[in-house]
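K.L.:
Protein chains in written order, with the numbering used here: chain A, 1 to 213; chain B, 1001 to 1213.
Backbone N, C-alpha and C fix where the C-beta goes; we use that ideal spot for every residue, glycine too.
All of these numbers come straight from a predicted model, not from anything done at the bench.
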DNA sequence: AGCTAACATGACCACCTGGTCACCTTGCTG
DNA sequence: CAGCAAGGTGACCAGGTGGTCATGTTAGCT
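#1: Using a cut-off of 7 Å between C-beta atoms, extract the partners of residue 1186 (chain B) located in chain A.
#2: Of all Cβ atoms in chain B, is any one closer than 8 Å to the Cβ of residue 102 (chain A)?
#3: What whole-angstrom Cβ distance do residue 113 (chain A) and residue 1168 (chain B) have, given they're in contact under 8 Å?
#4: Determine the direct distance from the alpha carbon of residue 1110 (chain B) to that of residue 108 (chain A), and round the result to whole angstroms.
#5: Taking the continuous alpha helix (DSSP H) assigned at residue 108 (chain A), which residues delimit it?
#6: For residue 1035 (chain B), which residues of its own chain have a beta-carbon under 8 Å away from its beta-carbon, when the five flanking residues on both sides are left out?
#7: Can the beta-carbon of residue 106 (chain A) be found closer than 8 Å to that of residue 161 (chain A)?
#8: Helix, strand or coil for residue 1213 (chain B)? Go by DSSP, reduced to three states.
#9: What residues in the region 29-60 of chain A bring their beta carbon closer than 9 Å to a beta carbon of chain B?
#10: Can you confirm whether residue 1155 (chain B), when its beta carbon is compared against all beta carbons of chain A, has any partner nearer than 8 Å?
#11: List in chain order: all unbroken alpha helix (DSSP H) runs of 4+ residues lying wholly within the region 1039-1105 of chain B.
#12: Use the C-beta contact count for residue 1006 (chain B): other C-beta atoms within 10 angstroms, 16 or more gives buried, fewer gives exposed.
#13: With 16 as the cutoff for other CB atoms within 10 Å, does residue 1085 (chain B) come out buried or exposed?
#14: Taking residue 1133 (chain B) and residue 1148 (chain B) to be in contact with their CB atoms under 8 Å, please state how far apart those CB atoms are, rounded to whole angstroms.
#15: Would you list, in chain order, the members of the region 1102-1123 of chain B that have their beta-carbon closer than 8 Å to a beta-carbon of chain A?
#16: Taking CB distances under 8 Å as the criterion, tell me whether residue 99 (chain A) reaches chain B.
#17: With H, G and I counted as helix, E and B as strand and the rest as coil, what does DSSP make of residue 1198 (chain B)?
#18: Indicate the three-state DSSP secondary structure (helix, strand or coil) for residue 150 (chain A) in the structure shown.
#19: Classify residue 1193 (chain B) as helix, strand or coil using the three-state DSSP reduction.
#20: Starting from the C-beta of residue 45 (chain A), find all residues in its chain whose C-beta is less than 6 Å away, skip the five residues before and the five after it, and write them out in chain order.
#21: Give the single residue among B:1029, B:1039 and B:1051 whose Cα lies nearest to the Cα of residue 1018 (chain B).
#22: Can you look up residue 157 (chain A) in the DSSP assignment and give me helix, strand or coil?
#23: Short of 6 Å in beta carbon distance, which residues of its chain neighbour residue 1201 (chain B), apart from the five on each side in sequence? Order them along the chain.
#24: Alpha helix (DSSP H) containing residue 1187 (chain B): first to last residue?
#25: Just to confirm the assignment, what range does the alpha helix (DSSP H) spanning residue 1019 (chain B) have?
#26: From residue 1015 (chain B) to residue 64 (chain A), what distance separates their C-alpha atoms?
#27: Less than 8 Å between the beta carbons of residue 1165 (chain B) and residue 170 (chain A), yes or no?
#28: Output, in sequence order along the chain, the residues in the region 1159-1171 of chain B whose CB is closer than 9 Å to any CB in chain A.
#29: State buried or exposed for residue 196 (chain A), treating a residue as buried only when at least 16 other CB atoms are found within 10 Å of its CB.
#30: Mind pulling the chain B residues with CB within less than 8 Å of residue 176 (chain A)?
#31: Give the range of the alpha helix (DSSP H) segment to which residue 1131 (chain B) is assigned.
#32: For residue 1145 (chain B), which three-state DSSP category applies?
#33: Applying a beta-carbon distance threshold of less than 8 Å, which residues of chain A neighbour residue 1020 (chain B)?
#34: Can you tell me which of the three DSSP states residue 36 (chain A) falls into?
#35: Mind checking residue 79 (chain A): buried by the 16 CB within 10 Å criterion, or exposed?
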């Protein structure tokens, strides 16, 4: 007699609150970074503090839920672009989407940039992203569109770096990151350049992209 | 009868403590970032908390004092390199020193990257740095060593971006930033590349580097 | 040596944070 | 419509922060 637990009774009230909560938290974290307090998020969502902790046992869990959604979006984009004909253009498009995502969300930058802030699930999803991007990069490499010594992890890391370059002037010029993205492209697509020094990073915390090449 | 206030009596004890404090704080902030507490700094310096606040009325003041020293060092480096013959090599050297400084100090990155954290004096010193680097860049430009559409502010901003690129793997590969610095060089020195999109940032918060070109 | 002003001290304060819990409210089912 | 469990609530807690201040100490002058 296996208990049929699943579709019992997801109270309407509850799913509404969960949605309200995720929306408010996403917005709040995007604007204010990870230091936004749980109290403020509850307020923004129009619920009590206790309700926040009922849905997400800790602040880290809430942050992870939101980060995972964003990471998932990027992985999706990368997978879709894997089917494009022009791998170089596909890589360009992916990087544009990636930096744009970072530029729009302060908390995302902070979580991605600091391994110490990351849930296990987030780390796994980052690894997935690295793998997918490695495939994307490998294709561009084979087509001769990118220099040979660039790995997928390089590309993922560059996303954060490009955004950070423009971050100090984000308020005054929200699109400045496009300038530095283009500059990075000029370095990235310089197929004639001499090899980069120092081995490429062996993956972001978990996997080695060179294995999946 | 003007009171001869100045060289009255800087108690030996006091200058010793101030030195201890600055040393401890520099180290602590470098390792732990701006979130290191004043209490821990006092402990590290071997003085009481009150003493910290006697020397530096607020945490911001302490942070500013340290940041100013680092910024001053970079300005000095830039000024020195202004006299070099090969302006392109000089620019390379400056950027290497700059990224190295950032990689060695977490708090410095955080203060420089977030205008909201900055004391007025820090902002002024950043402006000075931008001006000096603009001169350095202009020379490289004239010598045809750098592409024409790069400004001094671009270069200063890139410092943060290059460091950030490697930051997530800083623990595992402390020298990884050199890889991305080289990549940036390849973009920066691509004199044949088409013009970058979006006007260059109009200076870091205060001055417009295009005026001093 | 003795005096005093400058300095050091650490207990203390208000404030804010993530997180808990006993209690109340409410959507759902029978 | 009644009853109950799942869910919502907000007062509450412990811990940690920047910052203060009455008190004790001491360096340096006479």
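P.N.:
According to the structure data:
#1: The contacting residues are 187, 190 and 193.
#2: no
#3: 6 Å
#4: 16 Å
#5: Here the alpha helix (DSSP H) through residue 108 (chain A) covers 106-113.
#6: Nothing listed; no residue qualifies.
#7: Taking the C-beta atoms as reference points, residue 161 (chain A) is found no nearer than 8 Å to residue 106 (chain A).
#8: Note that residue 1213 (chain B) has pLDDT 31, beneath the 50 cutoff, so the model's placement of it is unreliable and no number is given.
#9: none
#10: no
#11: 1049-1055, 1059-1081 and 1087-1103
#12: With a pLDDT of 46 at residue 1006 (chain B), under the threshold of 50, the modelled position of this residue cannot be trusted, and the question is left open.
#13: Residue 1085 (chain B) counts as exposed, since fewer than 16 other C-beta atoms from the protein chains shown sit within 10 angstroms of its C-beta.
#14: About 16 Å separates the two Cβ atoms, so there is no contact after all.
#15: Residues passing the 8 Å Cβ filter: 1112, 1113, 1114 and 1115.
#16: no
#17: coil
#18: coil
#19: coil
#20: 20, 21 and 24
#21: B:1051
#22: helix
#23: 1153
#24: Here the alpha helix (DSSP H) through residue 1187 (chain B) covers 1176-1188.
#25: Boundaries of the alpha helix (DSSP H) harbouring residue 1019 (chain B): 1012-1032, taken from the DSSP string.
#26: 48 Å
#27: no
#28: The region 1159-1171 of chain B vs chain A, Cβ under 9 Å: 1159, 1160, 1161, 1162, 1163, 1164, 1165, 1166, 1167, 1168, 1169 and 1171.
#29: buried
#30: 1198 and 1201
#31: Here the alpha helix (DSSP H) through residue 1131 (chain B) covers 1120-1142.
#32: coil
#33: Near residue 1020 (chain B) there are no residues of chain A at all, since even the closest Cβ is about 29 Å away, more than 8 Å.
#34: coil
#35: exposed
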